[in-house]
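Heads up: the sequence shown is residues -29 to -1, 1 to 148, going by mature numbering (1 follows the signal peptide of the UniProt record, and there is no 0). Positions of the beta carbon are idealized from the N, C-alpha and C atoms, including for glycine. So the structure is just underneath, and the comments pick up after that.
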Amino acid sequence: MLFPATPHPAMSLLLLTVLSSLMLHDVEAWSAGVKYAVNCPDRCSVDRCGDAQRCTRTVLDDCGCCQVCAAGRNEHCYRTVSGMHGVKCGPGLFCEFYKDEDDYGDEYGICKDCPYGTYGVECRKTCSCKGGICDRETGACLTLTFFAKIASKLKTGPQTGEFVLSDKLLSNYIISH
């Protein structure tokens, strides 16, 4: 018999330890926000990083090691790997990838605004502001003065329950009609 029906307790413990350590390693990578990173080094090295000095804005690559150029809204973006010249979307944007690949087999897409209620690099953070209205880059709560002014002018009509902007506008409307 090649394997006994009941494994030795020491072997079970060893197998459990190995599997647990592998799972913990994967959990750490995903909790750090790494969605796609192949060939990431165990330790980051500046020597492997490309030159991002020509870029107006930079963000960390998918491995979290090197600064890469940050693309703006409606600009092309690529998945990036440590030490490679990729282009990621800047803060407040995410890369909406196409189904196709470029001539070199790399996935690419277009930078789009973060969905409502999210912000930051790749829109990973959730807005905690009232109504979910926050700056897409920083997460700072925004107050939209345009809507605040309109809301302060709204008034309920005495009998109909209709909304009117102000008594002055209402009287002008009645006189002209």
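DSSP, read as helix, strand or coil, puts T116 in helix. With contacts defined by Cβ atoms closer than 8 Å, C48 and V39 do not form a contacting pair. When DSSP reads this structure, Q38 sits in a beta bridge with L31. Nearest in C-alpha terms to T109, of all of K101, D74, G102 and T97, is T97. No Cβ-Cβ contact shorter than 8 Å links F68 with G76. Comparing alpha carbon positions, the residue from D33, L113 and K83 closest to C11 is D33. Annotation for C105: no beta strand (DSSP E) segment contains it, and DSSP assigns it neither H nor E.
Ranking A23, L115, F65 and T29 by CA distance to the CA of P86 puts F65 first.
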